[in-house]
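The opening position of the sequence shown corresponds to residue 254 in our numbering, with each subsequent residue numbered one higher. Encoded as structure tokens, the structure appears first; notes follow it.
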Amino acid sequence: PASFFAEHVGDEAHGIFERRLGDRGLSLHETAVFAATLESLVHEETLERLHSTHHVLGLDAQEDSATENQVEQVVDTYMLMLVLGLNHTTVSRQVVLAASERMDEIYPNW
């Protein structure tokens with residue numbers, strides 16, 4: 254857990270967490286704070302990945318009013334990028350389209 258904090262929160266928060274964990278462990282309240290922090294970080298990353306997915310698909314303008322078909326396309330592409338470990342900050346539309354064409358080969362019954 255401490256190494257996760259080192260990557261995603263400031264040095265001060267990481268230091269406090271690491272000392273507390275090493276000294277005596279975490280109380281129920283501190284564990285809840287840790288869990289809430291993780292949840293927040295996961296939420297932020299998910300939003301970032303969804304924004305990237307909309308962008309890759311050329312659907313930036315539809316983020317606030319996507320059709321059902323567009324939502325399905327975004328979710329499918331989001332999952333494709335996640336499962337294949339594609340970097341959402343650098344992936345291109347061409348890479349996503351090429352991967353999409355090969356998904357049945359890579360993951361049968363996709």
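All residues carry an ideal CB built from backbone N, CA and C; glycine is no exception.
> Taking three-plus beta-carbon pairs below 8 Å as touching, is the stretch 321-341 in contact with the stretch 296-308?
Replying inline: They touch, by the three-pair rule.
> How should Leu225 be labelled, buried or exposed, when 16 other C-beta atoms within 10 angstroms of its C-beta is the threshold for buried?
Replying inline: This structure cannot speak to residue 225, because the chain is shown only from 254 to 363.
> Are the beta-carbon atoms of Leu333 and Ala352 separated by less than 8 Å?
Replying inline: Locating residue 333 in the sequence shown gives position 80, counting from the first residue. Locating residue 352 in the sequence shown gives position 99, counting from the first residue. Cβ distance < 8 Å, so Leu333 and Ala352 count as in contact.
> Taking Arg302 as the reference, which of Gln315, Asn340, Gln347 has the closest Cα?
Replying inline: By one-based count along the sequence shown, residue 302 stands at place 49. That would be Asn340, whose Cα lies nearest to the Cα of Arg302.
>> Quick check: the stretch 260-279 against the stretch 287-301, are at least 3 beta-carbon pairs closer than 8 Å?
In response: yes
> Below 8 Å between beta carbons: does that hold for Leu310 and Thr330?
Replying inline: As a position in the sequence shown, residue 310 is number 57, starting the count at 1. As a position in the sequence shown, residue 330 is number 77, starting the count at 1. Yes, the pair counts as a contact, with Cβ atoms nearer than the cut-off.
> Could you give the distance in angstroms between the alpha-carbon of Val286 and the alpha-carbon of Ser345?
Replying inline: To locate residue 286, count along the sequence shown from 1; it is residue 33. To locate residue 345, count along the sequence shown from 1; it is residue 92. Between Val286 and Ser345, the C-alpha separation is close to 37 Å.
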